[in-house]
Amino acid sequence: MIRRKLLLLIAATAIVVPAASGQEDGEKHFRAVCSTTQVADFTREIGGDRWQVDCVLAPGQDPHTYELKPSDSRLVAEADICIQNGWHLEGHDWMLNLAKDANKPLVTCVTGVKALDFDEDGTIVEDPHAWLSPINAAIYVRNITEGLKKIDPDNSGEYDARADYYVTQLRSLHSWIQKEVNSIPRAKRILISHHDAFQYFASTYGFQSAAPAGWSTGAEVGAGITPQRRAKVVESIRSYKVKAIFVETATNPEVVRQIAKDAGVKVAGALYADSMGPKGSVAENYFGMMRENVIKIVGGLK
């Protein structure tokens, strides 16, 4: 039933905005370089045919731990604008430094978002995963739109129109998520993932969100986990008294399954957080990513 509703929603929210007029086929007037896949997706939708949008990260790569390559500097050198998430999602501020070194304007998408606290390896910082609430995604879209308009003011009206339409679809997505989540009893709305990236989603839709003690965004889930840390993770999972936990798509699934088995819970699915899925997958864009996450969350917790 959820899958059928999903297909209907995909059809209802497909972004169809007229292409920019007066352009030859394949011609791009401007170039944006984005840090993450979701930021690049928003930018492509707003920029339309006028913008070539490149992304530093490939699907599945972790922005927290990414190490720059010489080709990244060359990519930014050719850009008209750089666009990042912000709040140190880009570990050690690599996107900020790329833009600064190349003397390029930089849009920070979290500007204007109300921050939640995030424990990153024992240090409390602003939680950068704000896009996982469609309400915040709308703020990202508006910030990106303003950035593109500064580079290409002659076509501001077109960018505003595309942004307005996209935000309308985000509202539809938000309503759909609310409806699906309401099928989960409130007592079961406990969302456990390996580094607690879903606080904004949880806050928007009435979940308790947490990460098991011993796991964090900077800690390897795999060969690097010690027996002591593993035992701490297992005990922490048990303390939440849930029947299912979630991991991210980039996490080692076999290790997580073993830990879940030790804790007496199931792994309900791999959620998309720091990255969207590859091209051609159900999660190749923001809407698909969010819908796929909701399907897994609802199915795992009902």
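Numbers given in my numbering equal positions in the sequence shown, counted from 1, plus 183. Just so it is clear, CB atoms sit at the ideal spot from N, CA and C, and this is done for glycine as well.
Residues near residue i by beta carbon distance below 6 Å, same chain, minus five either side
| i | result |
| --- | --- |
| residue 310 | 299, 301, 382 |
| residue 465 | 471, 475 |
| residue 278 | 218, 267 |
| residue 396 | 415, 419 |
Residue i, enclosing beta strand (DSSP E) - first and last residue
| i | result |
| --- | --- |
| residue 451 | 449–454 |
| residue 290 | 289–291 |
| residue 213 | 213–217 |
| residue 431 | 427–431 |
| residue 392 | 391–393 |
| residue 375 | 373–375 |
| residue 235 | 234–238 |
Residue i to residue j span [Cα, whole Å]
| i | j | result |
| --- | --- | --- |
| residue 379 | residue 385 | 10 Å |
| residue 199 | residue 325 | Confidence is the limiting factor: at residue 199 the pLDDT is only 45, short of 50, which leaves the residue's position unreliable, though a coordinate-based value still follows. Approximately 18 Å between the Cα atoms of the pair. |
| residue 437 | residue 357 | 33 Å |
| residue 434 | residue 337 | 44 Å |
| residue 391 | residue 484 | 12 Å |
| residue 349 | residue 333 | 20 Å |
| residue 207 | residue 339 | Model confidence at residue 207 stands at a pLDDT of 48, short of 50, so the residue's coordinates are unreliable and nothing is read from them. |
| residue 230 | residue 469 | 16 Å |
| residue 188 | residue 363 | Unreliable placement is indicated for residue 188, whose pLDDT of 48 sits below 50; the coordinate value is still reported in the next sentence. Between residue 188 and residue 363, the C-alpha separation is close to 10 Å. |
| residue 205 | residue 213 | Interpretation of residue 205 is limited by its pLDDT of 40, a score under 50 that renders its predicted location unreliable; the figure taken from the coordinates is listed afterwards. Taking the straight line from one Cα to the other gives about 15 Å. |
| residue 335 | residue 292 | 18 Å |
| residue 273 | residue 352 | 27 Å |
| residue 241 | residue 456 | 14 Å |
Chain-order list of residues whose beta-carbon lies under 7 Å from that of residue i (same chain, five-residue window excluded)
| i | result |
| --- | --- |
| residue 296 | 313, 319, 322 |
| residue 287 | 259, 262, 264, 265 |
| residue 417 | 442, 445, 446 |
| residue 448 | 420, 425, 426, 427, 428 |
| residue 413 | 442 |
| residue 406 | The pLDDT assigned to residue 406 is 48, lower than 50, so where the model puts this residue is not dependable, and the model offers no usable value. |
Cβ distance (whole Å) where residue i is taken to contact residue j below 8 Å
| i | j | result |
| --- | --- | --- |
| residue 219 | residue 280 | That pair is no contact at about 16 Å. |
| residue 387 | residue 316 | 4 Å |
| residue 236 | residue 227 | 5 Å |
| residue 375 | residue 393 | 6 Å |
| residue 303 | residue 377 | With 8 Å as the limit, residue 303 and residue 377 do not qualify as a contact, their Cβ atoms being about 13 Å apart. |
Beta bridge counterpart(s) of residue i as assigned by DSSP
| i | result |
| --- | --- |
| residue 302 | 307 |
The alpha helix (DSSP H) enclosing residue i, as first and last residue numbers
| i | result |
| --- | --- |
| residue 470 | 469–484 |
| residue 350 | 339–364 |
| residue 264 | Premise fails: residue 264 lies in the beta strand (DSSP E), 264–267, not in any alpha helix (DSSP H). |
| residue 445 | 436–446 |
| residue 408 | Per DSSP, residue 408 belongs to no alpha helix (DSSP H) and is neither H nor E. |
| residue 277 | 277–285 |
| residue 329 | 317–334 |
| residue 386 | 382–388 |
| residue 258 | 253–260 |
| residue 294 | First-last for residue 294: undefined, no H or E at that position. |
| residue 229 | 220–230 |
Own chain residues within Cβ distance below 8 Å of residue i, not counting five before or after
| i | result |
| --- | --- |
| residue 194 | Because residue 194 carries a pLDDT of 45, less than 50, the predicted location of this residue cannot be relied on, and no value is offered for it. |
| residue 238 | 216, 217, 218, 219, 220, 222, 223 |
| residue 290 | 264, 265, 266, 267, 326, 327, 329, 330 |
| residue 256 | 281, 284, 285 |
| residue 403 | Any reading at residue 403 must be qualified, since the residue scores a pLDDT of 49, below 50, and its modelled position is unreliable; the value itself is stated next. So no residue of the chain qualifies. |
Short CB-CB distance (under 8 Å) between residue i and chain D
| i | result |
| --- | --- |
| residue 255 | Although the question refers to chain D, the structure presented lacks it and comprises just one protein chain. |
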